[in-house]
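Counting along the sequence shown from 1, when you hit position 20 you're at 179 in the numbering used here, and nothing is skipped either side.
Ideal placement from N, C-alpha and C gives every residue a C-beta, glycine not left out.
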Amino acid sequence: MNDLLKNVLLWVVIAVVLMSVFNGLSGRKESGQTLTYTQFINEVKQGQIQSATINGREIAGRLGNGTPYSTYSPETDNKALIGDLLNAGVEIRAEPPEKSSFLMQIFISWFPFLLLIGVWIFFMRQMQGGGGRGGAMSFGKSKARLMGE
């Protein structure tokens with residue numbers, strides 16, 4: 160394989176890996192409107208909320224017309240909010256906060272270290288070049304030979 164094809168293939172693989180990592184890290188959001196917490200409370204009081212899913216501080220669900228919404232609660236204790244939702248007849252679901260996978264945690268914590276080791280190995284191999292390879296330290300390697308008489 161020629162060098163150009165190898166370089167292009169390497170960049171394509173790097174791009175695919177980066178895109179998959181960013182897609183894995185970003186949460187999947189359902190398209191809809193984002194409400195402020197005040198708007199959300201007003202919609203609850205007016206009976207315009209059909210369902211609510213509470214995931215930590217994130218609240219998502221459907222309005223009375225079926226439109227998805229999302230908002231964030233400024234408080235960690237949602238007892239008053241849950242009481243208001245129950246009084247308004249809203250279907251409530253609770254989910255535990257999402258945790259990243261064990262492999263993703265390992266990848267995030269070890270990737271910078273492994274990247275530095277990889278760069279260090281790359282430079283060390285470049286400096287060891289002898290003969291016609293060149294390299295950073297090749298100026299001290301003389302190719303002169305002693306000719307016998």
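Taking 6 Å as the limit between beta carbons, can you name the residues of its chain near residue i, skipping five residues before and five after?
{"i": "residue 230", "result": "194, 196, 199, 218"}
{"i": "residue 250", "result": "210"}
{"i": "residue 207", "result": "222, 223"}
{"i": "residue 228", "result": "191, 192, 194, 222"}
Write down the C-beta distance between residue i and residue j rounded to the nearest angstrom, noting that I regard them as a contact closer than 8 Å.
{"i": "residue 210", "j": "residue 221", "result": "5 Å"}
{"i": "residue 254", "j": "residue 212", "result": "6 Å"}
{"i": "residue 214", "j": "residue 256", "result": "6 Å"}
Just reading off the alpha helix (DSSP H) that residue i is part of, what are its end residues?
{"i": "residue 284", "result": "261 to 286"}
{"i": "residue 239", "result": "238 to 246"}
{"i": "residue 202", "result": "196 to 204"}
Which residue marks the beginning of the beta strand (DSSP E) containing residue i, and which one marks its end?
{"i": "residue 211", "result": "208 to 214"}
{"i": "residue 217", "result": "217 to 222"}
{"i": "residue 303", "result": "Careful: residue 303 lies outside any beta strand (DSSP E) and carries neither H nor E."}
{"i": "residue 115", "result": "Absent from the model: residue 115. The displayed extent of the chain is 160 to 308, so no value can be given."}
{"i": "residue 257", "result": "Where residue 257 is concerned, there is no enclosing beta strand (DSSP E), given that its DSSP letter is neither H nor E."}
So is residue i buried or exposed if we call it buried at 16+ other beta carbons inside 10 Å?
{"i": "residue 163", "result": "exposed"}
{"i": "residue 169", "result": "exposed"}
{"i": "residue 240", "result": "buried"}
{"i": "residue 244", "result": "buried"}
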